[in-house]
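Protein sequence lines, in the order shown, are assigned to chains G and R.
For the first sequence, position 21 matches number 582 in this note's numbering, and the numbering has no gaps at all.
For the second sequence, position 248 matches number 249 in this note's numbering, and the numbering has no gaps at all.
Yeah, the Cβ is synthetic: ideal placement off N, Cα and C, and Gly gets one too.
Read through the structure below, which is laid out as structure tokens, and then see the notes.
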Amino acid sequence: ATPPASRSLRGSVSLGDEAVCPGIEAHDRAWRGGAELLFDGVKKHQVTLPGQEEPWDIRNLLVWIKKNLLKERPELFIQGDSVRPGILVLINDADWELLGELDYQLQDQDSILFISTLHGG
Amino acid sequence: MVPLFFQVLKPRLWTCPESSISLIHRPLPAKRAPPPPPALGPRAVCGACFCAAFEAEVLHTVVAGRLLPPGAVVAVGASGGKDSTVLAHVLQVLAPRLGISLRLVAVDEGIGGYRDAALAAVRRQAARWELPLTVVAYADLFGGWTMDAVARSTAGSGRSRACCTFCGVLRRRALEEGARLVGATHIVTGHNADDMAETVLMNFLRGDAARLARGGGLGSPGEGGALPRCRPLQLASQKEVVLYAHFRRLDYFSEECVYAPEAFRGHARHLLKLLEAARPSAVLDLVHSAERLALAPAARPPAPGACALLDGLNRGRPRLAIGKGRRGLDEAGPPRDGEPERAPAPEAVPAF
Numbered sequence: 562a563t564p565p566a567s568r569s570l571r572g573s574v575s576l577g578d579e580a581v582c583p584g585i586e587a588h589d590r591a592w593r594g595g596a597e598l599l600f601d602g603v604k605k606h607q608v609t610l611p612g613q614e615e616p617w618d619i620r621n622l623l624v625w626i627k628k629n630l631l632k633e634r635p636e637l638f639i640q641g642d643s644v645r646p647g648i649l650v651l652i653n654d655a656d657w658e659l660l661g662e663l664d665y666q667l668q669d670q671d672s673i674l675f676i677s678t679l680h681g682g
Numbered sequence: 002m003v004p005l006f007f008q009v010l011k012p013r014l015w016t017c018p019e020s021s022i023s024l025i026h027r028p029l030p031a032k033r034a035p036p037p038p039p040a041l042g043p044r045a046v047c048g049a050c051f052c053a054a055f056e057a058e059v060l061h062t063v064v065a066g067r068l069l070p071p072g073a074v075v076a077v078g079a080s081g082g083k084d085s086t087v088l089a090h091v092l093q094v095l096a097p098r099l100g101i102s103l104r105l106v107a108v109d110e111g112i113g114g115y116r117d118a119a120l121a122a123v124r125r126q127a128a129r130w131e132l133p134l135t136v137v138a139y140a141d142l143f144g145g146w147t148m149d150a151v152a153r154s155t156a157g158s159g160r161s162r163a164c165c166t167f168c169g170v171l172r173r174r175a176l177e178e179g180a181r182l183v184g185a186t187h188i189v190t191g192h193n194a195d196d197m198a199e200t201v202l203m204n205f206l207r208g209d210a211a212r213l214a215r216g217g218g219l220g221s222p223g224e225g226g227a228l229p230r231c232r233p234l235q236l237a238s239q240k241e242v243v244l245y246a247h248f249r250r251l252d253y254f255s256e257e258c259v260y261a262p263e264a265f266r267g268h269a270r271h272l273l274k275l276l277e278a279a280r281p282s283a284v285l286d287l288v289h290s291a292e293r294l295a296l297a298p299a300a301r302p303p304a305p306g307a308c309a310l311l312d313g314l315n316r317g318r319p320r321l322a323i324g325k326g327r328r329g330l331d332e333a334g335p336p337r338d339g340e341p342e343r344a345p346a347p348e349a350v351p352a353f
């Protein structure tokens with residue numbers, strides 16, 4: 562059920578998850594590490610994607626994110642036309658590898674979550 | 002309920018009771034027989050089944066490897082990061098079945114800003130799980146040396162000052178001391194398959210035969226008087242660990258250590274990601290390779306232990322104790338034992 566190409570889409574884009582690291586907002590800006598840094602410290606973005614000719618897919622979304630959300634060092638988030646290896650992408654809590662990865666067509670109210678696995682443990 | 006599907010990367014087949022849809026099949030790693038699967042079926046599962054499968058897999062690793070016998074008092078090396086958080090949570094779930102009791106041991110390396118926040122996460126975890134927590138500090142154990150002090154002392158060495166090499170050796174020793182403090186019989190650490198594969202790559206790239214030789218297996222039985230150590234998550238991929246933390250809503254600390262960007266590990270990690278893209282089984286294959294690797298006894302020099310490094314630091318020649326400096330240490334005679342009450346030489350202990 563792909564929405565008409567002319568309609569705009571609403572959804573959310575998050576890096577990390579409040580429940581996963583709730584203390585993150587309390588940290589000093591300089592200490593925010595990992596993928597948080599790339600989104601200017603804002604974890605969850607409610608976004609509205611403008612209507613366009615071709616349907617929105619993850620590939621387009623990454624370009625849009627790079628243009629509209631990334632504040633610094635986009636190479637840590639995007640490499641080539643995909644995410645940097647080591648960043649997990651969950652689409653409505655499901656592994657994007659099962660949903661066509663870059664070719665997944667966004668639906669209204671989708672929730673896209675990016676989690677970095679690259680920090681230490 | 003709408004099933005949520007996850008790809009399980011490991012050579013294992015799980016069936017999700019929520020659905021019979023077959024979605025993804027990944028190649029099995031070469032040369033490694035898949036562990037006995039509970040059922041043949043699609044390798045895509047929902048979040049709840051994924052977590053159950055993950056826990057079952059760790060249980061299988063511990064039981065089949067006889068890593069933690071019933072009655073064991075297990076010290077969990079807790080850093081506040083995703084791996085140790087997941088490990089402690091899974092073992093907490095499995096503890097009644099395994100008949101073990103848990104203690105959290107955190108190491109304070111003395112890294113300003115970074116470690117304080119991580120230790121706060123560990124304290125929250127300990128409170129949530131109602132587990133006893135003990136924090137041991139480098140400064141107390143190692144005659145006042147903190148990692149910040151080590152970093153200043155090695156700062157002249159430029160990009161190869163090897164903070165992480167020092168920290169790794171000292172943390173191993175600190176964890177041992179902490180575990181003894183709490184009366185533990187076993188030590189577990191949260192290393193996952195990706196960590197192990199990175200380590201194998203690093204050791205190869207550096208020609209570090211001593212560490213290559215002791216890298217295999219799921220742990221060490223505790224030679225030379227050291228406590229037995231094991232890595233129950235060694236067969237779990239990084240991705241699985243992160244997904245498990247996500248679905249169990251675990252509170253972990255996700256920042257990188259301030260010294261990590263200069264670590265050699267970063268190069269190994271990058272290389273591993275490239276290899277994995279070309280060959281999805283590369284991570285487990287590397288872990289497997291290390292397990293099967295046999296080095297001639299003559300090619301296995303002992304890796305420097307905490308005492309050798311501290312000796313180098315105290316003499317103002319920290320790099321003597323690592324890398325090429327090992328030769329220098331040999332020439333300078335055996336390192337003085339900084340803590341003579343520990344009779345068994347910690348240098349000889351197989352490390353992770």
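*For G:ARG593 and chain R, any beta-carbon pair shorter than 9 Å?*
Numbered from its first residue, the first sequence carries residue 593 of chain G at position 32. Residue placement at G:ARG593 cannot be trusted, given a pLDDT of 38 that sits under 50; what the coordinates show is reported in the next sentence. Interface residue, yes.
*Could you check how far apart the C-beta atoms of R:ALA194 and R:ALA237 are, in whole angstroms? I think they sit under 8 Å.*
As a working mapping, residue 194 of chain R is identified with position 193 in the second sequence. As a working mapping, residue 237 of chain R is identified with position 236 in the second sequence. Indeed, because the Cβ distance is near 6 Å, the residues count as touching under 8 Å.
_Looking at G:LEU674: is its Cβ nearer than 9 Å to the Cβ of G:LEU659?_
One-based indexing of the first sequence puts residue 674 of chain G at position 113. One-based indexing of the first sequence puts residue 659 of chain G at position 98. Cβ distance not < 9 Å, so G:LEU674 and G:LEU659 don't count as in contact.
*Interface flag, G:SER677 vs chain R, CB-CB below 9 Å*: To locate residue 677 of chain G, count along the first sequence from 1; it is residue 116. So, interface residue.
*Which first and last residues belong to the beta strand (DSSP E) in which R:VAL183 is found?*
To locate residue 183 of chain R, count along the second sequence from 1; it is residue 182. Counting along the chain, R:VAL183 falls outside any beta strand (DSSP E), and DSSP gives it neither H nor E.
*Residue of R:LYS240, R:HIS61 and R:PRO262 minimising C-alpha distance to R:PRO281*: Mapped onto the second sequence, residue 281 of chain R falls at position 280. The residue with the shortest Cα to Cα distance from R:PRO281 is R:LYS240.
*asked:* Taking 8 Å as the cut-off, does the stretch 163-180 of chain R touch the stretch 277-292 of chain R (at least 3 CB pairs, one atom from each stretch)?
replied: no
_R:CYS126, buried or exposed, once every other Cβ within 10 Å from all chains shown has been counted against 16_ = The residue labelled residue 126 of chain R in the question sits at position 125 within the second sequence. It is Gln, not Cys, that sits at residue 126 of chain R in the sequence shown. Per the 10 Å Cβ criterion, buried.
*Who are the neighbours of R:GLN239 on chain G, taking C-beta pairs under 8 Å?*
Position 238 of the second sequence, counted from the start, is the residue given in the question as residue 239 of chain R. By Cβ distance, chain G contributes GLY647 and THR678.
*Can at least three beta-carbon pairs, one atom from the stretch 142-153 of chain R and one from the stretch 118-132 of chain R, be found at a separation below 8 Å?*
no
*Any idea what DSSP makes of R:CYS165, helix, strand or coil?*
Counting from 1 along the second sequence, the entry for residue 165 of chain R is found at position 164. Taken through DSSP and simplified to helix, strand or coil, R:CYS165 comes out as helix.
_Let me confirm a value: R:LYS32 is counted as buried when at least 16 other C-beta atoms fall within 10 Å, else exposed. Which label applies?_
Locating residue 32 of chain R in the second sequence gives position 31, where the first residue counts as 1. Since pLDDT at R:LYS32 reaches only 42, below the 50 mark, its modelled position is unreliable, and the value read off the structure follows with that caveat. Exposed.
*asked:* I want to see whether chain G comes within less than 9 Å of R:ALA278, judged by CB atoms only; does it?
replied: Walking along the second sequence from the start, residue 278 of chain R turns up at place 277. Yes, because at least one Cβ of chain G sits closer than 9 Å to the Cβ of R:ALA278.
*Span of the beta strand (DSSP E) holding G:ILE685?*
No answer is possible for residue 685 of chain G: it lies beyond the span of chain G, which begins at 562 and ends at 682.
*Start and end residues, alpha helix (DSSP H) containing R:ARG125*: Taking the second sequence and counting its residues from 1, one reaches residue 125 of chain R at position 124. Here the alpha helix (DSSP H) through R:ARG125 covers 115-130.
_So with CB distances below 8 Å, who are the chain G contacts of R:VAL243?_
The residue given as residue 243 of chain R occupies position 242 in the second sequence. Going along chain G in sequence order, the residues near R:VAL243 (Cβ under 8 Å) are LEU649, ILE676 and THR678.
*Kindly list the residues whose CB is nearer than 7 Å to the CB of G:ASP618, restricted to its own chain and excluding five residues on each side of it in sequence; keep chain order.*
For this step, residue 618 of chain G is matched to residue 57 along the first sequence. Hits under 7 Å: LEU663, ASP664, TYR665, GLN666 and LEU667.
*Residue ranges of each alpha helix (DSSP H) run of no fewer than 4 residues wholly in the stretch 252-286 of chain R, ordered along the chain?*
266-279
*In chain order, what residues of the same chain have a beta carbon less than 8 Å from the beta carbon of R:GLU199, not counting five sequence neighbours either side?*
Stepping through the second sequence from its first residue, residue 199 of chain R is reached at position 198. These residues qualify, in order along the chain: ARG266, ALA269, ARG270 and LEU273.
_Assuming R:ASP109 is part of the alpha helix (DSSP H), what are its boundary residues?_
The count along the second sequence starts at 1 and reaches residue 109 of chain R at position 108. Careful: R:ASP109 lies outside any alpha helix (DSSP H), inside the beta strand (DSSP E) at 102-109.
*Top-ranked residue by Cα proximity to G:GLN613, from G:GLN607, G:ASP671 and G:TRP625*: The count along the first sequence starts at 1 and reaches residue 613 of chain G at position 52. Ranking the options by Cα distance to G:GLN613, first place goes to G:TRP625.
_If we define contact as Cβ-Cβ less than 9 Å, is R:HIS268 a contact residue for chain G?_
In the second sequence, counting from the first residue as 1, residue 268 of chain R sits at position 267. Nearest CB-CB separation between R:HIS268 and chain G: not below the 9 Å threshold.
*asked:* Using C-beta distances below 8 Å, list every residue in its chain close to G:LEU644, excluding the 5 sequence neighbours before and after it, in chain order.
replied: Residue mapping note: residue 644 of chain G aligns to position 83 of the first sequence, counting from 1. A small fix is needed here, since residue 644 of chain G is Val in this sequence, not Leu. If we look at G:VAL644 and ignore the five residues flanking it on each side, its Cβ neighbours are LEU623, PHE638, VAL650 and PHE675.
*Spatial neighbours of G:TRP592 within its chain, please: CB distance less than 8 Å, with the 5 preceding and 5 following residues excluded, ordered by chain position.*
In the first sequence, residue 592 of chain G corresponds to position 31, counting from 1. Note that G:TRP592 scores 34 on pLDDT, short of 50, meaning its location in the model is unreliable; the coordinates nonetheless yield the value given after this. Take G:TRP592, set aside five residues on each side of it, and no residue of its chain has a beta-carbon closer than 8 Å to its own.
*Going along the chain, which residues of its own chain have a beta-carbon closer than 6 Å to the beta-carbon of R:ARG343, five neighbours each way excluded?*
Taking the first residue of the second sequence as position 1, residue 343 of chain R is located at position 342. Its pLDDT being 36, under 50, R:ARG343 is placed unreliably in this model, and the value from its coordinates should be taken loosely. The answer is none, since no qualifying residue turns up.
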